[in-house]
Every structure is written in C-alpha cells, then in structure tokens.
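Here is the structure we will look at.
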Amino acid sequence: MRKLALIALLSAASFILLGADDRNCGQQMDSFIDDLMSKMTIEEKAGQITLVTYDRRFMTGEAQSAGVASKIAEGKIGGVFNVMTIEDKIDIQKLAVEKSRLGIPLIFGLDVVHGYRTIWPIPLALSCSWDLDLIERTACAAADEASSEGVDWTFSPMVDIVRDPRWGRVAESSGEDPYLGSRIAEAMVCGYQGESLDDPQSMMACVKHFALYGAGEGGRDYDMVDMSLNRMYQEYLPPYKAAVDAGAGSVMSSFNDVNGVPATANKWLLTDVLRAEWGFDGFTVSDYTSVGELTEHGLGTLAEVSARALKAGLDMDMVSEGVLKNLDYCLEKGLLTEADIDVACRRILEAKYKLGLFENPYLRLGGQPVDREKYRSLALEAARKSIVLLKNDHNVLPLEKDAKVALIGPLSDTRWELMGTWAGAAAMADEGVSIKSGISRYTSSLIHTAGAPITDNPGLARMIGVNIERSGDPDSLISEAVSAARESDVVIAVLGENAKMSGESSSMTWIGLQPAQRRLLEALVATGKDVVLVLLNGRPMTLEWENEHCAAIVDAWAPGLQGGNAVADVLFGEYNPSGRLTMTFPRNVGQIPIYYSMKSTGRPHIPFRKYRTGYIDCPQDPLYPFGYGLSYSQVDYSDMKAEYDPVSRSVKASVKVTNTSARAVEETVQLYIGDATASVTRPEKELKGFRKVKLAPGESLVVDFSVPVSELGFWTPELEYIVETGEFMVGIGPDSERILSSSVVYEDVQALEAIPVGLFLCTPY
Ligand code: BGC
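See the structure below:
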C-alpha cells in the first residue's frame, strides 16, 4: 500500500519572518503613504497606476504615448520607460518633482534583459552556462550600469518555460526546464535587487510574463494557452514562484489568454495565485498595451477592460492609459471605486518608497562611476561559458594557432548581430568584437568572404532588415567562398540567425539554416575540407544535415559584446567549451514540441515498430538532448550511488567523475529523478540538481548530491502537492540521455508523519 504525504506550501512564510527593523520600516512606509494618499486626488491616484513610454525607437507595439510632459506635470503619470539618456531622465523627473502638485517622483523602467551598455549573451545562451553565480554577477553588473544612468526598474527576468523553438522569444528565456529555470530566476532577481532596493546600484526586478507566455499555440507570439492546472503547477509556474520567493518587487502580466481569460485580466492568476497563495506583496504591471488589447480579445470597451484588469489585480497599466482616460466613466458606471484604485496606487507608491525615490528622486541620476573594464572581462567570461560544442569529429577542434583559415559567412564580420535581441541600450556595441577580429588574434593566415546573404527570402529579408540586392550575386559569392576554402586548411562558416530573427514577434515556421546559407554550406563541404560551423542563433535550430556533414559545430548563440573573442578562444583551444543545452534541439519542426521530461505513453516508443508512439518517418529522439554539450576533454562517470537518508529526509547520491584527458575541464554533472511507481503518470525523469566541477588533467572527484524529499513530489489532479512513497529512478550524467542510474526506495513512515500538511489554497476561476 502506498502512503501519501502532503507538503506544506511555504510561500507566504517571508511575511512571518520579518524582523523588528523591517516591521518598523514597514510602519514608517505605511504612515508615509497614508499621509501622501490622503492628499491625493483620485486623478492623481489614477496617474500613479499609469506607465507611459518615451522613445519611439524602442516601441514594441503599435501605440505610442502622447502628451507625456504635460501629463507628468499634472501628476497623471506614475512611471516612464524607454527614456534612453540620463539628461532626459533628469528633465522628466524634474517635471514630476517640481511641477506636479505633490511632487511624487516617477519610476524609470527599461528592458535591461541581458546587460545594459555591456551586453552579455542572450538569456538562453547564458542559461547554457548552468552557472548561477555567473548569472547573478551579470544581473548585478547590469543593475550597476543601468542604475548609474537612472534606471530604477528592469523588465526582467523573463522566466517563461519554453518548449517550442519556433517562438522567437525562446531567446529571452532560460529554456525548457522548471528546476533550472527556477534557480536562474532566483539568481537574476538577487543580482538585480542586491541587498536592498534603496541601494543606488540596484534596481527592481520585474518577473515576466505571468503567466505561461512560453506555451502559446504553434510557437506563434501572443497566442492562446489552454493548459491543465496540474501541468501549470508542475511545469510552468515554478520559475515565477521562485522569482517571487526570491523577493522580486514586481510582476508583469502576459499578453496571452490562459484557459479563456487573458492573463492581464485574470483574477485567478493575478490575485488568487500570485498574492493569496504565493504571498507576493509587490506590484503588477501589464505588458505593452495588453490592457487595451483585451478589447481585441473581445472582452469589452477600453473602460470596461481596464476596470476589469484592475479589479483582477493588475496595478499598473503599460501604455494603454485605460483607467486614466476613462476615470469618470468607470466611476459613474460603478465599474470601479476609489478604493479599487487606492489598492493599486498604494502598491506603486510602496515600490517607489522601497527604491528610495521619495528620499531622493535623483538617487540613480547622480552618474555614479562604473568600472566598464571589469564588465568587459565579465562579458568575455559569460560568452565563453555560454558556447556549446555540439559536434567535434576527429578532434578537428581546437585549431592550431596560425592555421590557414577560410572564414566564411554573412555573420562572420559583424559586431552588431552578436548582441542579439533586446540590446537597445548597447551604445557599446561599437566596442564589440566580431568573430573575424577575434580569430585574427590567433592567425594571420585568414581569408575572409561573406559567401551568401543571410536569407534570399524577400519577405523575411524585409522583416529582419536585410537588403538582399546589396549582398551581391549569389553564384559569385559562393564561388569566391569555394576558392577561399580550397586555399585553406580549414573552413570556419559563421551562419545562422541575425539579431532580428529571434526575439519578440519573430516566430518562424522554418528553423533550419536559410536556404541561401545552406547552399553555401553544401558547396563548402563539397570541397572536402573540414568545415567548422559556428552558429549564431536565438533558438534551437534543425541541423540534421549540418550534423552529418560538418566536422564540428559550435553553437555561439548571440554571444554579446565579447562574442568574437569568446568564439575564437573556443576555436583555438584557449578556452575548453563547457556550455550545456537548456533546450532540446529537434531533428525537424515536425517533432515539436519535444523536450526531455516527456512522459512515457502506454506504448512507449521503440524505433521502427508499429503501434508504438512516435513517428514512422523520423527517429524519436532529438538531434541534441537537453543538457548536452561537448568539451575538448573526456570525462568518465563511474561508481554511481544513491540511497534515501531518513535522517536528513533526502536522497543522497554521488558519482565519480574522472578527467581522462590532458586538458583541464569544467564539467556540469546533472542529476535526474524519475518516479517509477506513482499514482499518476509522471515524466521519465526530471532535473533535480546539478553541479559544475573543475577537473585538472587526470583528476577524479566524487560529486555528491542531496535532494530533499519534497523534490520527489508532484501536484495531483486535485492540486495537492504530495510525495508518495515508492521507487524512484535516480540518474546522474553529463546530459539528460547519458545517465548512470540506480533505484531508490522511499518508505519513511516517520518522515511522513513529520512533514507538515499543506493544500492548494484557492479555487481556480
Ligand atoms: C514585451 C515585454 C517588454 C515590454 C516593454 C513588450 O512588448 O513583451 O517583454 O518588457 O514590451 O518593452
């Protein structure tokens, strides 16, 4: 007989744990805000919940805020985003502080997504480092740079779980896995917010996009999501909750519809789950015009939908100005009361208070100095650690210094495209390093040519800012590239996506190399030279042909400011690649969705057998699995052990890893657990731990893990989080497929009795 244990939901515990100082500070804040609000008119309160945009160049929707300056002076704006210079911010803040009746300071927001002036690799790339300390340091450095130019609030981290590489915004995510995604979410929140929000070098995080934005149908942006609650809790909500538990000050609602109610007006999500269940006490903000877009969803007029969103728990309206524009109407018709507006207004004032803006509205506008040199080395470290070596036949890599190289491809001599999506403030892109200049540090024997346009699809070219005509005649480009290849020892082909091919509103149905690039690659391979494909990309791509024909594949993603140096360091062996994929690479688009933690069916797949799950025209496994990545070393795994430890109530597991090569290596040891005998169907395995270890040549290490028993649990269809006794598969390995496994039995009656009971607190919808 199996027994069930119910695990407490500890989400609201942070309230209880407040110390005396925090309480005093809370009381001071409350009386300050009580006093301020007692002086505010209802228009001024509606103003505080209104966020407007400033610089047209950074619009991510079709609407643009108008009359911003006069509205600020009238006290009708709470915050502004996309103000790109410190001078403009000072002028705007002066308007609020000196001209508006109550002088309430504005909050300045911006999408500081992967760096501010110094651009790190895109988030998907950075997640491939599996290096939480590095990720926290990059967030902290971004906060330092951005706050030095007046940014109080970043619209980051994006913690959406993503399993469809057709969606362009996978570039902004940390990949497909809830466990890794949660750890990264925590690291980023801590990095941005630092010790205290009123530290001038920190900024407030905004967790986005709440919720399930990554699960839109067909990989189309902004598309609907219809998902079981059970799946949400198990797989999609954990990273948002982790970010909230880490203290994120704000949460952004997503554009998408969630089971019939758009997230921006979804009371169950914004109030019941976020506040009642998770204890979130910051403020919520809509996405760009997502309040106004509720009218497109068919939910009513702007007045109606704005009132509905506010009542659902949406505090701040980004760009739509719905409540502000319709205040009288909403009050007259009883759509809203002053008390409804008070709740949202107070939360925004609290955020400003915590950010130290009432004490000093110019706190982040003093131009504090930033050590850019230090951040340049951080950018190099981040880029090196994000690169994933996908293939390396007959050790073609690393290359000899001074090798005769043909460097070919439309992305081989660009600095800008290496920055990827959301690099708007990257004034320092000019200081970026192209792959060509990175490689020139290692060899003077370099022939360089573009070889092909990024695409020869005119429609796509227009969308991604490529001028096909200017690229030159395709046949001559290819013959020039082929001659260069023939004259060299090795070909480095830098191909893939430019910065605009992924990111927001960049969904694609074809995620292979563009045909123009593929033709070039085929011609290069036909020369018989070793071809090393260096891929720039914001999403997993389909690379079956490339995997078969290229000698090596180096996935560099959009590696940021120091990308060219990092790629060259990997190619020439100065850095031993250590990145591991955080999103599965499908063989073709037809396999999507494909992710490592799928469940078995009643007819598990056995390749090429009829009446089994899967496809008859394609292998069932992906091209490259989650967690995969090579290095220039050989690391052996042995002596895997696992057992349940009743004293610590955890699964203790260990494995011996040995670097059998002559090169030092950094290895990401991954631990997966599968519930072998559950009362519901469960994934075959789920990541439950990982450790990065450094191994000198010939060195062996025993790597230990301790997984608390609560991690063995799952959400039942009735939305109880339970841990069942029984048998568990524990596996450890270098990726999600190559694992050494052992079986562990959890039958700890004593522990069961001691585990406190908790239940799902609210009724959905
Ligand atoms: C995006 C958000 C972003 C916002 C503000 C929206 O279009 O979805 O991620 O934070 O614009 O720029």
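In our numbering, the protein residues as written are 6 to 770. We treat Cβ as the ideally placed atom computed from N, Cα and C, and that holds for glycine.
Assumed close pair residue i, residue j - CB separation to whole angstroms, cut-off 8 Å
{"i": "alanine 253", "j": "methionine 208", "result": "That pair is no contact at about 12 Å."}
{"i": "valine 194", "j": "alanine 248", "result": "5 Å"}
{"i": "phenylalanine 733", "j": "aspartate 680", "result": "6 Å"}
{"i": "lysine 170", "j": "isoleucine 516", "result": "In the sequence under discussion, the amino acid at residue 170 is proline, which differs from the lysine named in the question. That pair is a contact at about 6 Å."}
{"i": "leucine 465", "j": "proline 564", "result": "Leucine 465 to proline 564, Cβ: 23 Å. No contact."}
{"i": "alanine 176", "j": "glycine 508", "result": "6 Å"}
{"i": "arginine 592", "j": "threonine 547", "result": "6 Å"}
{"i": "glycine 443", "j": "valine 278", "result": "Incorrect: roughly 46 Å between the Cβ atoms, too far for contact."}
{"i": "aspartate 740", "j": "serine 659", "result": "About 18 Å; that fails the 8 Å criterion."}
{"i": "methionine 42", "j": "aspartate 60", "result": "Actually they are not in contact, since the Cβ atoms of methionine 42 and aspartate 60 sit about 31 Å apart, beyond 8 Å."}
{"i": "isoleucine 97", "j": "leucine 111", "result": "7 Å"}
{"i": "valine 685", "j": "proline 722", "result": "7 Å"}
{"i": "serine 638", "j": "serine 655", "result": "Contact doesn't hold; Cβ gap of about 31 Å is too wide."}
{"i": "valine 496", "j": "alanine 411", "result": "5 Å"}
{"i": "glycine 155", "j": "lysine 94", "result": "4 Å"}
{"i": "glutamate 551", "j": "leucine 526", "result": "7 Å"}
{"i": "lysine 396", "j": "serine 583", "result": "Between serine 583 and lysine 396 the Cβ distance is about 16 Å, and since that is not below 8 Å, they are no contact."}
{"i": "glycine 636", "j": "asparagine 570", "result": "First, the amino acid is wrong: residue 636 is serine here, not glycine. Not really, about 19 Å apart at Cβ, beyond 8 Å."}
Cβ-Cβ distance between residue i and residue j below 8 Å
{"i": "leucine 315", "j": "aspartate 292", "result": "no"}
{"i": "glycine 31", "j": "leucine 56", "result": "no"}
{"i": "tryptophan 158", "j": "phenylalanine 215", "result": "no"}
{"i": "arginine 122", "j": "valine 393", "result": "no"}
{"i": "valine 670", "j": "valine 712", "result": "no"}
{"i": "valine 401", "j": "aspartate 535", "result": "yes"}
{"i": "glutamate 240", "j": "proline 183", "result": "yes"}
{"i": "leucine 529", "j": "isoleucine 558", "result": "no"}
{"i": "alanine 647", "j": "valine 749", "result": "yes"}
{"i": "tryptophan 135", "j": "threonine 673", "result": "yes"}
{"i": "tyrosine 677", "j": "valine 714", "result": "no"}
{"i": "arginine 381", "j": "glutamine 567", "result": "yes"}
{"i": "glycine 470", "j": "glycine 543", "result": "no"}
{"i": "aspartate 347", "j": "lysine 44", "result": "no"}
{"i": "serine 255", "j": "valine 296", "result": "no"}
{"i": "lysine 604", "j": "proline 688", "result": "yes"}
{"i": "asparagine 271", "j": "alanine 317", "result": "yes"}
{"i": "isoleucine 38", "j": "tyrosine 358", "result": "yes"}
{"i": "glutamate 181", "j": "threonine 587", "result": "yes"}
{"i": "asparagine 87", "j": "leucine 115", "result": "yes"}
DSSP beta-bridge partners of residue i
{"i": "glutamate 671", "result": "Lys699"}
{"i": "alanine 658", "result": "Ala647, Phe710"}
{"i": "glycine 533", "result": "In the DSSP output, where bridge partners are listed per residue, glycine 533 has none listed."}
{"i": "lysine 379", "result": "For lysine 379, which the question treats as bridged, DSSP gives no partner whatsoever."}
Nonlocal neighbours in the same chain, by C-beta distance under 7 Å from residue i, ignoring five residues either side
{"i": "threonine 454", "result": "Ile413, Glu485, Ala486, Ala489"}
{"i": "isoleucine 353", "result": "Gln53, Ile54, Gly83, Phe288, Asp320, Met321"}
{"i": "threonine 306", "result": "Thr300"}
{"i": "threonine 768", "result": "Only weak support is given to the placement of threonine 768: the predicted model assigns it a pLDDT of 39, under 50, and the value that follows is read from those uncertain coordinates. Contacts found: none."}
{"i": "threonine 682", "result": "Gly731, Glu732"}
{"i": "leucine 447", "result": "Sequence check: residue 447 is tyrosine here, not leucine. Excluding sequence neighbours, tyrosine 447 sits near Lys406, Ala573, Phe577."}
{"i": "arginine 7", "result": "Only weak support exists for where arginine 7 lies, its pLDDT of 37 falling under 50; the value from the coordinates is given anyway. If we look at arginine 7 and ignore the five residues flanking it on each side, its Cβ neighbours are Ser684, Glu729, Thr730, Gly731."}
{"i": "threonine 532", "result": "Val487, Ala490, Arg491"}
Same chain only: Cβ atoms within 8 Å of residue i, ignoring 5 sequence neighbours per side
{"i": "glutamate 309", "result": "Leu340"}
{"i": "threonine 143", "result": "His119, Gly120, Trp125, Leu131, Gly196, Leu383, Ala387"}
{"i": "valine 328", "result": "Ala51, Ile54, Thr55, Ser311, Ala312, Leu315, Asp322, Cys335, Leu341, Ile346"}
{"i": "serine 705", "result": "Lys661, Val662, Thr663, Asn664"}
Beta-carbon proximity list for residue i, same chain, < 6 Å, skipping 5 on both sides
{"i": "aspartate 226", "result": "Ser510, Ser512"}
{"i": "serine 187", "result": "Pro243, Pro244, Ala247"}
{"i": "leucine 416", "result": "Glu422, Val499, Leu541"}
{"i": "alanine 17", "result": "Confidence is the limiting factor: at alanine 17 the pLDDT is only 33, short of 50, which leaves the residue's position unreliable and the question unanswerable from this model."}
{"i": "aspartate 418", "result": "Ser439, Lys441"}
{"i": "tyrosine 218", "result": "Asp165, Ser259, Asn261"}
{"i": "serine 643", "result": "Lys661"}
DSSP-derived helix/strand/coil call for residue i
{"i": "glycine 327", "result": "helix"}
{"i": "phenylalanine 285", "result": "coil"}
{"i": "alanine 498", "result": "strand"}
{"i": "isoleucine 189", "result": "helix"}
{"i": "histidine 610", "result": "coil"}
{"i": "histidine 453", "result": "strand"}
{"i": "alanine 411", "result": "strand"}
{"i": "proline 769", "result": "Because the pLDDT at proline 769 is just 38, under 50, the model does not fix this residue reliably, and the value given afterwards should be weighed accordingly. Coil."}
{"i": "phenylalanine 631", "result": "coil"}
{"i": "isoleucine 558", "result": "strand"}
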